[in-house]
Amino acid sequence: MIIAIDGPAGSGKSTVAKLVANKLGFIYIDTGAMYRAITIKALMYKADIRNAKKMVELTRKSRITLDYKKNGRLKVILDGKNISQEIRKPIVTRFVSDIAKISGVRKLMLKLQRALGHRKDCVLEGRDIGTVVFPKAERKFFLDANFNERVRRRFEELRSVRDNDSVSFKSVAQDLRNRDRIDSTRKIAPLKKADDAIFIDTTKLNIEQVVARILSYIKKSG
């Protein structure tokens, strides 16, 4: 079974997807972490992120491995190096959407995501899982929350990462607004709810409530 969980940044999809996968004994796949890994590599090599051809070549030469631990932590390996902490840094968040909108990069990532998803039962989270990556997924969910709540969540997440004490609520709001614009207007695989996805507003729900609701839907639908 493939379960697709999509939504914008700060909607709670990553934490929810991890817990749902854990409850069901499924593999968890964070597709966003893959794009963040490429972003880190581009920044590391000081590559021109606006040069689509270079970004595609960079992606083609990269080896990305995702390892979901039982303690709920995702281990992201790029070319043999653990970059799990680095992928959440503000500078990565600032540029990841610019790389994710490149058609050639998305095509390469699509192959990897589908290969991972076809191995066994899994929960995939991202922005185009139910619409592009696995349009025939057995279960689809789209999570969202009001803008201020999403900013608050992302602000708290960034502040929890080492060396991020300088992050301001205002800067997070600006970055999130820009990311929403890029994600929803890009020509290739824009962020949008699949017609057959179940919509869940997480604004006033805690993580446990969202997970319980998703598990309930899955159980009811057999």
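In this note's numbering, the protein residues as written are 181 to 402.
For glycine and all other residues, C-beta sits at the position ideal for the given N, C-alpha and C.
On a predicted model such as this, the values are computed, not experimentally measured, just so you know.
Q) Quick one, which of 216, 186 and 191 has its alpha-carbon nearest residue 385's? A) 191
Q) Smallest Cα separation from residue 236: which of 286, 182 and 396? A) The candidate whose alpha carbon is nearest that of residue 236 is 286.
Q.
Would you call the stretch 366-377 in contact with the stretch 296-310, where contact means no fewer than 3 C-beta pairs closer than 8 Å?
A. yes
**Q.** Buried/exposed call for residue 205, threshold 16 Cβ in 10 Å
**A.** exposed
Q | Near the ligand HEM: residue 264 beta-carbon under 6 Å from a heavy atom | A | Here there are no bound small molecules, and the ligand HEM is not part of this structure.
Q) Can at least three beta-carbon pairs, one atom from the stretch 268-286 and one from the stretch 351-367, be found at a separation below 8 Å? A) yes
Q | C-beta atoms of residue 322 and residue 297 nearer than 7 Å | A | Between residue 322 and residue 297, the C-beta gap is not smaller than 7 Å, which leaves the two residues out of contact.
Q.
Would residue 200 and residue 303 be called neighbours here (beta carbons separated by less than 7 Å)?
A. Yes, they are a contact pair.
Q) Name the DSSP beta bridge partners of residue 304, please? A) 184 and 209
Q) Grouping DSSP H, G and I as helix and E and B as strand, with all else coil, what is residue 256? A) strand
Q: Given a cut-off of 7 Å, decide if residue 214 and residue 244 are closer than it, judged by their beta-carbon atoms.
A: yes
Q: Measure the Cβ-Cβ separation of residue 185 and residue 193 and say whether it is below 7 Å.
A: yes
Q. Do you know how far the Cα of residue 318 is from the Cα of residue 387?
A. 22 Å
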